[in-house]
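Residue numbers (my numbering): 472 to 594.
Each residue gets a CB set at the ideal place from its N, CA and C atoms; glycine is no exception.
Below is one structure, written out as structure tokens; the observations come after it.
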Ligand code: THU
């Protein structure tokens, strides 16, 4: 699947984000080895630390459905923001060194591998 197509899946996921406190919506789309796309969006809680990031929603959801091998991941935010540290750790432990397309709402994107996102990880 082309990177632009996976980014469009992430854009769909972002529309499902529940972010009434930060107003910062994040969409994620994770492409499994067999071509399935698993979506994630951030979901905030009134108890703020209970919020879950889009990346981890997608990864944990995919793994709960039995997917453990992945091809690529797309993320989209209003400003092309990169993943938080906690998500980078979870990505490194579960995705393999796949490319991550990090897009803004214009569809402009950069590509970073998981290992580029988290050098010198805790292992
Ligand atoms: N957020 C993500 O979904 N992914 C990240 O990697 C960073 C932050 C969410 C959490 C919260 O709902 C909002 O963005 C602002 O921090």
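Can you name the residues that DSSP bridges to residue i?
i	result
residue 593	Beta-bridge pairing links residue 593 to no other residue.
residue 514	489 and 523
residue 503	541
residue 508	502
Output the distance between the C-alpha atoms of residue i and residue j, rounded to the nearest integer angstrom.
i	j	result
residue 506	residue 563	20 angstroms
residue 488	residue 532	15 angstroms
residue 528	residue 591	24 angstroms
residue 572	residue 523	20 angstroms
residue 490	residue 559	20 angstroms
residue 514	residue 492	10 angstroms
residue 510	residue 553	17 angstroms
Between residue i and chain D, is the shortest Cβ-Cβ distance under 8 angstroms, so that the two count as touching?
i	result
residue 481	Among the chains in the structure shown there is no chain D, since it carries only a single protein chain.
Examine the ligand THU and report whether any of its heavy atoms sits within less than 7 angstroms of the Cβ of residue i.
i	result
residue 565	no
Practice problem: At 4 residues or longer, and completely inside the region 569-593: list those alpha helix (DSSP H) runs for me, N to C. | Solution: 585-588
Quiz item: How about the region 576-590 and the region 506-519: do they share at least three Cβ pairs that are nearer than 8 angstroms?
Solution: no
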